[in-house]
Amino acid sequence: MKNYSFLGLAGAALLGLAGCSKSSSDDAGINSAKLEVRLTDAPGDFNSVVLDVRQIEVHLKDEGNPDGWQTLAFSPQTVNVLDYVNGKSALLVNTDFAPGDLKEIRLILGPNSYVVGTDGQQYDLKTPSGQTSGVKLKLDKVTLKQRETFQLLLDFDVAKSIVERGNWRAGNDKKERYLLKPVIRLVAQDLKGGLRGTVSPAAARPQVLAIRSSIVGPDTVSTFADASGAFQLGALPAGTYQVQFFPTGTAPTGQPAYKYVVRTGITVTNDQVTDLGTTPLN
Numbered sequence: 004m005k006n007y008s009f010l011g012l013a014g015a016a017l018l019g020l021a022g023c024s025k026s027s028s029d030d031a032g033i034n035s036a037k038l039e040v041r042l043t044d045a046p047g048d049f050n051s052v053v054l055d056v057r058q059i060e061v062h063l064k065d066e067g068n069p070d071g072w073q074t075l076a077f078s079p080q081t082v083n084v085l086d087y088v089n090g091k092s093a094l095l096v097n098t099d100f101a102p103g104d105l106k107e108i109r110l111i112l113g114p115n116s117y118v119v120g121t122d123g124q125q126y127d128l129k130t131p132s133g134q135t136s137g138v139k140l141k142l143d144k145v146t147l148k149q150r151e152t153f154q155l156l157l158d159f160d161v162a163k164s165i166v167e168r169g170n171w172r173a174g175n176d177k178k179e180r181y182l183l184k185p186v187i188r189l190v191a192q193d194l195k196g197g198l199r200g201t202v203s204p205a206a207a208r209p210q211v212l213a214i215r216s217s218i219v220g221p222d223t224v225s226t227f228a229d230a231s232g233a234f235q236l237g238a239l240p241a242g243t244y245q246v247q248f249f250p251t252g253t254a255p256t257g258q259p260a261y262k263y264v265v266r267t268g269i270t271v272t273n274d275q276v277t278d279l280g281t282t283p284l285n
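Quick note on this note's numbering: the sequence shown kicks off at 4 and runs consecutively.
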């Protein structure tokens, strides 16, 4: 499977916290595959990012049914994606499904998505494409096998996905400030390698970037340390990483500024979480 899928459509719409599953005692359930779709988030500089998800569909790789979209059992809802950072994930779908190949996932957004900025103000989040034709996430070599659970992790990058209009100025209509142009990393959940650690002081609140070189160029995954200084990045392909720390907090008056720090030669192994310990930024 390709580990990364970057989408510029309006719908990181990935969200909603529910799904439906048949009883394992059902004959159909015994002979079916299990499909799980989870959401996690690389946060940005907002207090809240709330997405209105109305529907989730999948498309089968079936030569005889080129229009074969199937709607998954899912209750329309809004969800704050910033609740799912640093190793947490929201379960969107957990359902029995017929074994076979999947081609795409499509998410339909409603009109009620919004962000709350660091100024405490709420701004509408415009997602015209997601509301009409849906947000399509392409899959590669995804096969659901009988009696096995397949998990997909949808990693939504808030910092890259929410764009401020270039001509917006304070005092303008709050409905016109932000657009949603999501960047989403799509990975197989069986890639369980990860990184975790803490920074000191916690007030530095750095953005943390994990960068792995590959034959198609560097793969970069990011998050922010939380208020306690902790951070975690999950579902990373095995390999050697460079980890960069970009402080966003302001040091107290009279104290040296927080430092930008780079750590190299960090190894990530499948099925393990590498603990970096504490990284000082002063």
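We put the CB at the ideal spot given by N, CA and C, even for glycine.
Residues near residue i in its chain [Cβ-Cβ closer than 6 Å; skip 5 each side]
| i | result |
| --- | --- |
| R199 | Q235, V276 and D278 |
| R109 | E60, G137 and K139 |
| F227 | P46 and Q210 |
Residue i versus residue j: straight-line alpha-carbon distance, rounded
| i | j | result |
| --- | --- | --- |
| S136 | I111 | 7 Å |
| G71 | V186 | 26 Å |
| Y263 | V211 | 10 Å |
| G197 | L239 | 5 Å |
| T121 | T146 | 42 Å |
| D44 | Q258 | 32 Å |
| F100 | Q245 | 39 Å |
| V166 | E179 | 11 Å |
| N97 | Q124 | 35 Å |
| V118 | R57 | 18 Å |
| R3 | L156 | Nothing about residue 3 can be read from this structure; the chain reaches only from 4 to 285. |
| P250 | R208 | 6 Å |
| F77 | V265 | 42 Å |
| L75 | V190 | 20 Å |
| G252 | A206 | 6 Å |
| D222 | I214 | 6 Å |
| Y181 | D127 | 7 Å |
| E39 | L95 | 7 Å |
| H62 | D143 | 12 Å |
| S329 | K163 | Outside the displayed span of the chain (4 to 285) sits residue 329, for which this structure offers no information. |
| V82 | G237 | 21 Å |
| S35 | Q73 | 16 Å |
| V202 | F248 | 9 Å |
| G1 | T243 | With the chain running from 4 to 285 in the structure shown, residue 1 is simply not present. |
| R168 | P102 | 44 Å |
| K106 | D158 | 18 Å |
Three-state secondary structure (DSSP) of residue i
| i | result |
| --- | --- |
| K163 | helix |
| A45 | strand |
| A205 | helix |
Exposed unless 16 or more other CB atoms sit within 10 angstroms - verdict on residue i
| i | result |
| --- | --- |
| G280 | exposed |
| N89 | buried |
| P255 | exposed |
| E282 | Note that residue 282 is Thr in the sequence shown here, rather than Glu. With 16 or more other Cβ atoms within 10 Å, it is buried. |
| D274 | exposed |
| A230 | exposed |
| P46 | buried |
| T130 | buried |
| Q154 | buried |
| I33 | For I33, the pLDDT reaches just 49, beneath the cut-off of 50, and the residue's location in the model is therefore unreliable, leaving the point undetermined. |
| D55 | buried |
| N232 | Per the sequence presented here, residue 232 reads as Gly, with Asn not at that position. Burial call: buried. |
| K37 | buried |
| S116 | buried |
| S225 | buried |
Beta-carbon proximity list for residue i, same chain, < 7 Å, skipping 5 on both sides
| i | result |
| --- | --- |
| N285 | P204, P259, Y261 and K262 |
| T272 | G196 and A241 |
| T267 | Q245 |
Below-8 Å beta-carbon distance, residue i vs any chain C residue
| i | result |
| --- | --- |
| T270 | Absent from the structure: chain C. Only one protein chain is present. |
Any non-hydrogen atom of the ligand SAM closer than 7 Å to residue i Cβ
| i | result |
| --- | --- |
| R41 | Of the ligands one can find in the structure shown there are none, so the ligand SAM has no counterpart to examine. |
Cut-off 8 Å between Cβ atoms - residues of its own chain near residue i, not counting five sequence neighbours on either side
| i | result |
| --- | --- |
| F49 | L85, V118, V119, G120, T121, V161 and I165 |
Checklist line | Completely contained alpha helix (DSSP H) runs for the stretch 58–89, where each covers 4 or more residues | finding: none
Notebook entry, point to check: At which residue ranges does the stretch 244–278 contain complete alpha helix (DSSP H) runs of 4 or more residues, listed in the order of the chain?
Noted result: none
Item checked: Contiguous alpha helix (DSSP H) assignments of at least 4 residues, all confined to the stretch 88–151 -> 131–135
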